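As structure tokens, the structure follows; a few thoughts come after it.
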Amino acid sequence: MPASTNTTRLAVDIGGTFTDVVLETPARTHTTKVLTTPRAPELGVMDGIGVVLAEAGLDARAIDVVIHGTTLATNALIERKGARTAFVTTEGFRDVLEMGFEKRYAQYDLAMEMPPPLVPRPLRFAVPGRVVAGGGTLVPLDADAVRSVGAALRRAEVEAVAVGFLHAYAHPEMEREAAAILAEALPDATVCLSGEVCPELREYERFSTTVANAYVRPLMSGYLHRLRGLLDREGLAAPLYLMMSGGGLTTLEQAARFPIRLVESGPAGGAILAARLAAQCGFDRVLSYDMGGTTAKICLIDDGRPQRSRTFEIARIYRDMKGSGLPVRIPVIEMVEIGAGGGSIARVDALGRITVGPDSAGSEPGPASYGRGGARPTVTDANLDLGKLDAEGFAGGRIRLDAAAARAALARDVGSPLGLDAHWPAVGVVEMVEENMANAARVHAIERGRDVTSYTMIAFGGAAPLHAARLAEKLGIRRVLVPVGAGVGSAIGFLAAPIAYEVVRSFRRTLSDLPVGEANRLVDAMADEARAVVRRGAGDAPLTEERKVELRYRGQGHELVVDLPGRPLDDGDRALLRAAFEERYRRVYGLVLPDIEVEAVSWSVTVSTRPAEVEPVADPGPRRRAEPAASRPAYDASLGRMVEHAVHERTALSPGDRLDGPAVIVEAETATMVPAGFTARLHPAGHILLERNGA
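So the sequence shown is numbered by the working numbering: it starts at 24 and just counts up by one.
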């Protein structure tokens with residue numbers, strides 16, 4: 024959503040440990056981090072809003088718009104804390120959710136486990152009724168059978184129902200008929216239809232996405248409406264927009280209806296921030312690195328555009344392997360996410376190895392050093408023990424850390440089993456989490472054919488600047504940018520997001536037989552639907568539109584995306600689409616298959632407001648050496664020992680200032696480590712730029 028010079032805007036990002044709040048006024052920007060309140064997340068949001076409003080000296084009525092992203096849906100799916108959900112499907116398809124793709128993701132592991140479905144078998148029901156692919160009715164829906172299912176679900180005290188019938192992506196009438204019957208039997212339950220949630224081919228992904236949406240909808244809808252009520256009560260009547268996984272904003276009503284589209288909303292804001300910073304600073308290739316209290320997220324951005332995908336796996340249960348999670352088909356910014364955050368718990372496993380995460384201490388009880396009842400050591404405790412964190416100034420001084428408790432927990436759970444003393448248990452924990460992140464970044468880049476050494480890292484999130492330089496060393500990256508407001512980077516990214524909505528429909532035809540008029544009517548109707556959603560929040564603002572089609576060689580199982588022309592299709596476009604597809608196919612696979620028909624599978628239209636223009640900022644380079652405010656001992660991995668680090672206040676640095684490592688640059692929401700062998704300087708836009716000497 025484009026910024027305006029005379030508006031006051033609020034952004035809120037709820038993470039597993041911290042809730043970040045950013046208040047952007049015409050005069051300046053105010054930020055804060057408060058602990059997330061898991062049992063009632065809206066309370067933490069209101070606490071953070073109160074802090075920034077008090078700092079700015081403003082009343083809640085001064086805010087013009089609120090933009091919100093959250094991991095609540097993701098956490099509910101990972102922790103299996105959603106609604107009691109049932110699944111109703113076509114007779115014969117009861118076990119699709121459990122059969123999945125009918126293949127093993129780890130072929131040679133005899134102990135491999137598949138992710139358990141969100142709906143157990145006793146709550147999966149199949150009813151007579153069958154629509155064929157062309158739309159004809161093979162078997163009429165058995166209404167009495169649906170009523171019997173409704174009665175059984177009422178006795179089972181089901182809170183949500185997902186309805187997924189065969190071919191409902193194109194012919195949803197039978198699903199709607201069943202939903203009307205179920206709504207009578209279950210007036211207080213939420214009912215989600217696959218033809219609305221995911222109107223695309225492939226029944227397993229469609230059913231899985233619909234079930235996931237139903238599973239989190241009572242939780243998310245309740246939370247969003249409670250938050251809206253609290254905002255209204257405080258006089259904050261500004262429009263509330265929700266960040267979606269694909270990088271656009273949507274209305275509260277759409278978010279409450281399709282909360283599955285919010286699962287990666289926080290990380291999406293970070294990717295938007297990194298893309299804009301790349302444009303501002305003139306970086307062609309960027310590795311976005313976002314590390315918070317619970318997870319770390321890594322995203323590749325080429326030429327200012329994050330990579331995007333139509334599929335995503337939630338809650339992978341086995342070594343982050345593809346296929347070990349729950350698949351959903353939603354627009355998403357493509358990234359890798361691992362359980363490596365400040366709150367990730369460290370331990371020694373049965374083989375005598377230090378392991379970190381993926382479980383997190385979160386905000387309740389939190390790391391041992393928080394003094395909130397947490398007893399197990401975390402990455403935050405290790406960083407405190409290594410002198411990288413200031414016990415008195417953590418989170419802007421709102422949380423006072425207990426260094427003795429951190430060292431005791433590390434000594435008990437890591438040092439004692441391995442015979443390590445002093446600061447070495449903490450060294451092991453930090454080294455392990457940094458290697459985990461480096462390995463995830465390497466694999467993510469290799470899978471996409473990228474050489475990560477040619478990228479600039481942009482590091483943000485409360486924990487990322489602590490680890491960024493060491494991670495860059497491991498990856499062979501020579502330059503790291505720590506932006507202004509790095510500790511609340513994703514929330515800042517929300518402020519740059521456009522209001523956007525994507526509509527996808529499956530319409531399978533070979534290009535040679537494509538009925539152009541029918542395709543145009545379909546795409547125009549999709550554009551009208553997307554435009555109507557965006558107009559609710561954008562008013563009369565100028566809109567952009569992207570039209571795409573997914574094509575494949577007939578008989579293949581995967582598609583490539585091709586842009587549609589910005590006008591109605593005509594008969595001559597069949598050849599143009601085939602040429603565009605084969606050019607893309609040759610680029611990806613190195614060949615084309617000229618004798619095979621090309622088939623259109625799914626069509627998509629994205630409508631959005633125009634993002635604000637990014638003005639490049641020239642970098643003249645460093646001019647003067649900055650003088651430190653103080654010094655303190657901290658561990659430097661490149662030297663392998665505790666050494667004195669010069670301490671610099673970020674607010675005291677001016678553009679052109681430079682400093683050599685070892686040093687630490689402190690600010691309210693994070694701290695940036697500058698190891699030996701690195702030089703840091705303040706970019707004219709206010710960002711910290713770290714460069715490896717001699718690289």
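Built from N, CA and C at the ideal position, the CB exists for glycine as well. It should be emphasised that the depicted structure is a prediction, and the values quoted were computed from it without experimental measurement.
Mark residue 662 as exposed unless 16 or more other C-beta atoms lie within 10 angstroms of its C-beta, in which case mark it buried. Exposed.
Using the Cβ count rule (16 or more neighbours within 10 Å means buried), how would you classify residue 417? Residue 417 is buried by the Cβ-count criterion.
Other residues of its chain near residue 593: CB distance less than 8 Å, five sequence neighbours each side excluded: Closer than 8 Å at the Cβ level, and outside the excluded window around residue 593, lie 539.
Work out the CA separation of residue 148 and residue 503 for me, nearest whole Å. Take the alpha-carbon of residue 503 and the one of residue 148: they are about 53 Å apart.
With a Cβ-Cβ cutoff of 8 Å, do residue 13 and residue 490 count as a contact? Nothing in the structure corresponds to residue 13, since the chain is present only between 24 and 718.
Looking at C-alpha atoms only, which residue of 408, 419 and 214 is the closest neighbour of residue 392? Here the closest residue by C-alpha is 408.
What are the start and end residues of the beta strand (DSSP E) that includes residue 712? Element bounds for residue 712: 711-715.
Name the one or two DSSP bridge partners that residue 215 has. In the DSSP secondary-structure assignment, residue 215 is bridged to 185.
Grab the span of the beta strand (DSSP E) containing residue 695 for me, first residue to last. Segment 694-697, the beta strand (DSSP E) holding residue 695.
Taking the alpha-carbon of residue 652 as reference, which of 414, 135, 644 and 668 has the nearest alpha-carbon? When each option's Cα is compared against that of residue 652, the closest is 668.
Between which two residues does the alpha helix (DSSP H) containing residue 801 stretch? Residue 801 lies beyond the range of the chain shown here (24 to 718); nothing can be said about it.
Spatial distance of residue 558 from residue 278 (CA atoms): Roughly 15 Å separates the two Cα atoms.
Where residue 359 and residue 165 are concerned, what is the direct C-alpha to C-alpha distance, given to the nearest angstrom? Straight-line Cα distance between these residues: approximately 44 Å.
Hey, quick one: how far does the alpha helix (DSSP H) through residue 244 stretch, first residue to last? In the DSSP assignment, residue 244 falls within the unbroken alpha helix (DSSP H) covering 226-256.
Is it the case that the Cβ atoms of residue 173 and residue 98 are separated by a distance below 8 Å? No. Outside cutoff.
Do residue 316 and residue 397 have their beta-carbon atoms positioned less than 8 Å apart in this structure? At least 8 Å separates the beta-carbon of residue 397 from that of residue 316.
Secondary structure at residue 561, three-state DSSP: helix, strand or coil? Three-state result, residue 561: helix.
For residue 161, count neighbouring C-beta atoms within 10 Å of its own C-beta (all shown protein chains included) and say buried if the count is 16 or more, exposed if not. When all chains shown are included, residue 161 counts as exposed.
CA nearest to the CA of residue 159, picked from 195, 670, 145 and 455: Out of 195, 670, 145 and 455, the CA that lies nearest to the CA of residue 159 is found in 195.
Can you name the residues that DSSP bridges to residue 570? Note: residue 570 sits in a beta bridge opposite 628.
Any 3 or more C-beta pairs closer than 8 Å across the segment 607-618 and the segment 545-557: No: fewer than three Cβ pairs fall under 8 Å.
Go ahead and label residue 432 buried or exposed: buried means 16 or more other beta carbons lie within 10 angstroms of its beta carbon, across all protein chains shown. Per the 10 Å Cβ criterion, buried.
Contact between the segment 584-592 and the segment 563-575 (3+ Cβ pairs under 8 Å): Short answer: they touch.
Can you give me the start and stop residues for the alpha helix (DSSP H) that residue 403 sits inside? From DSSP, the alpha helix (DSSP H) with residue 403 extends over 402-408.
First and last residue of the uninterrupted beta strand (DSSP E) at residue 370: Unbroken beta strand (DSSP E) run through residue 370: 367-371.
Member of 74, 167, 127 and 66 whose CA lies at the smallest distance from the CA of residue 253: Sorting 74, 167, 127 and 66 by C-alpha distance to the C-alpha of residue 253 places 66 at the top.
Looking at residue 703: is its Cβ nearer than 8 Å to the Cβ of residue 711? Judged by their CB atoms, residue 703 and residue 711 are nearer to each other than the 8 Å cut-off.
Cα separation between residue 469 and residue 448? When rounded, the separation of the alpha-carbon atoms in residue 469 and residue 448 is 32 Å.
Suppose you measure from the CA of residue 216 to the CA of residue 188; what does that come to, to the nearest Å? A direct Cα-Cα distance of roughly 9 Å separates residue 216 from residue 188.
For residue 576, the three-state DSSP class (helix, strand or coil): The answer is strand: DSSP assigns residue 576 an E or B state.
Helix or strand or just coil, what does DSSP make of residue 72? Assignment of residue 72 by DSSP, reduced to helix, strand and coil, places it in the helix class.
Residue(s) in a DSSP beta bridge with residue 482: Secondary-structure assignment with DSSP links residue 482 through a beta bridge to 312.
In terms of DSSP beta bridges, what is residue 667 paired with? DSSP output for residue 667 lists 656 as bridge partner(s).
Can you check whether the CB of residue 501 is closer than 8 Å to the CB of residue 724? Not covered by the structure: residue 724. The range shown for the chain is 24 to 718.
Compare the beta carbon distance of residue 109 and residue 314 with 8 Å and say whether it is the shorter of the two. Cβ atoms of residue 109 and residue 314: not closer than 8 Å.
According to DSSP, is residue 267 helix, strand or coil? Under the three-state reduction of DSSP, residue 267 is assigned to coil, being neither helix nor strand.
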